[in-house]
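Trainee: In the numbering used here, the protein residues as written are 612 to 708.
1) How big is the Cα-Cα spacing for residue 659 and residue 691?
2) Just the Cα atoms here: how many angstroms apart are residue 650 and residue 670?
3) If you follow the alpha helix (DSSP H) that residue 668 is in, where does it begin and where does it stop?
4) Mind checking who residue 678 pairs with in its DSSP beta bridge?
5) Expressed to the nearest angstrom, what Euclidean distance is found between the alpha-carbon atoms of residue 684 and residue 646?
Below, the structure written as structure tokens:
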């Protein structure tokens, strides 16, 4: 029989490998220290606020990544309230108090 020549392995394709499970356990970096997330928070805390361009220069991220972190991490996960308003130098973002 042809099937007898095949090695029978008990493989469960639904189980994650150790590499996959390690990746899923990683959390976003906290806002402590010199992380890029901490840089964004410090920029947003400034009395004059910050622009997207300033945040892009500080982190090296693209504009859509900065907006995504503000929306997903800072607002939703950390519960910060971020206000924005239009000024002379463009749209200014700051942490609302």
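No residue lacks a Cβ here, since even glycine has one placed at the ideal position from N, Cα and C.
Since the structure is predicted, the reported quantities are computational estimates derived from the model, not experimental observations.
Mentor: This is what the structure gives:
1) In the chain shown, the residue the question calls residue 659 occupies position 48. In the chain shown, the residue the question calls residue 691 occupies position 80. Each residue's alpha carbon lies about 17 Å from the other.
2) Taking the first residue of the chain shown as position 1, residue 650 is located at position 39. Taking the first residue of the chain shown as position 1, residue 670 is located at position 59. Computed Cα separation, rounded: 7 Å.
3) For the purposes of this step, residue 668 is taken as the residue at position 57 of the chain shown. Unbroken alpha helix (DSSP H) run through residue 668: 663–670.
4) The sequence position of residue 678 within the chain shown is 67, counting from 1. DSSP, once it has assigned bridges, lists no residue as partnering residue 678.
5) Counted from its first residue, the chain shown places residue 684 at position 73. Counted from its first residue, the chain shown places residue 646 at position 35. Taking the straight line joining both Cα atoms gives about 13 Å.
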